[in-house]
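Asks: Encoded as structure tokens, here's the structure I'll be asking about.
Numbering (this note's numbering), first residue to last: 7 to 237.
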């Protein structure tokens, strides 16, 4: 099966869909305006032509190329895919295996994972790279990742980002009320904040928590510092 969203418009579309052996690969134009991209994606998935995606459960890979997404943008895009009952997000990132197979490109430096479901008590969930959790992390739940942690739901338990020493890692959640936070080797008890969209990061080896609206400015500084260190 091959579906190409170019049929919806004469201009280059911000989203291209390719059929793969396992399902569908959505390629998001890394240069497209975010509002335009999301509007187009909504029309693609729920507009007049959306019936082409109807049927049994489809495994979906979403690849956003070299674009840097804020947590809000992550949730905005994933929310559209989650709204389709027959879509199962298999992979998400900027250098997915499906894209590499299609274009024969090298993988990105950091692997990105998708986890569906409630995180309960028991052994910690561990991920090598970034992870997007679509669901809640219970007060007794524990998530660890070598990269960033994004919770597309309520973070009520324990989250440990940058577990191998990455002090640039962050922890973000749609509802931010964790029992404990840890980034690299810095541990902090939960801040006394209302359960809103927040993110945690390290500054001078101290745990900081800020509202998500400040993330764009902070992330620009993080990227600039990272690029300087690589030179």
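For each residue, glycine too, the CB sits at the ideal point set by N, CA and C.
Quick check on DSSP: helix, strand or coil for residue 172?
Replies: Of the three classes helix, strand and coil, the one that applies to residue 172 here is coil, per DSSP.
Asks: Name the residue from 30, 62, 85 and 227 whose alpha carbon lies nearest to the alpha carbon of residue 158.
Replies: Selected option, being the one with the closest Cα: 85.
Asks: Starting from the C-beta of residue 127, find all residues in its chain whose C-beta is less than 6 Å away, skip the five residues before and the five after it, and write them out in chain order.
Replies: 146
Asks: Just to confirm my understanding: we take residue 150, look at its own chain, exclude 5 residues before and 5 after, and list those with CB closer than 6 Å. What are they?
Replies: These residues qualify, in order along the chain: 130, 132, 166 and 169.
Asks: Would you kindly report the start and end of the unbroken alpha helix (DSSP H) that includes residue 80?
Replies: 77-88
Asks: Around the C-beta of residue 148, are 16 or more other C-beta atoms found within 10 angstroms, so that it is buried, or is it exposed?
Replies: buried
Asks: Which residues mark the beginning and the end of the alpha helix (DSSP H) in which residue 132 is found?
Replies: Here residue 132 belongs to no alpha helix (DSSP H); instead the beta strand (DSSP E) covers 131-133.
Asks: Short check: CB of residue 205 to CB of residue 178, under 8 Å?
Replies: yes
Asks: Run through DSSP, which three-state label would residue 206 get?
Replies: strand
Asks: Enumerated in chain order, which unbroken segments of the alpha helix (DSSP H) with a length of 4 residues or greater are wholly contained in the segment 31-72?
Replies: 40-52
Asks: Just checking: is the beta-carbon of residue 49 within a distance shorter than 8 Å of some beta-carbon in chain C?
Replies: In the structure shown, chain C does not exist; there is a single protein chain.
Asks: In chain order, what residues of the same chain lie with their CB nearer than 6 Å to the CB of residue 207, ignoring the 5 residues before and after it?
Replies: For residue 207, where only same-chain residues beyond five positions count, the Cβ hits under 6 Å are 176 and 214.
Asks: Can you pull the DSSP bridge partners for residue 195?
Replies: 186
Asks: Would you grab the beta carbon distance between residue 77 and residue 156 for me? Rounded to a whole angstrom, and I think it's under 8 Å.
Replies: Contact holds; Cβ gap of about 6 Å.
Asks: What residues in its chain sit with their C-beta under 6 Å from that of residue 24, if we drop five residues either side in the sequence?
Replies: 31
Asks: Just list the residues that DSSP pairs residue 96 with in beta bridges.
Replies: Per DSSP, none; premise fails for residue 96.
Asks: Leaving aside the five residues before and after residue 72 along the sequence, list all residues of the same chain whose C-beta is less than 8 Å from its C-beta, in chain order.
Replies: 36 and 100
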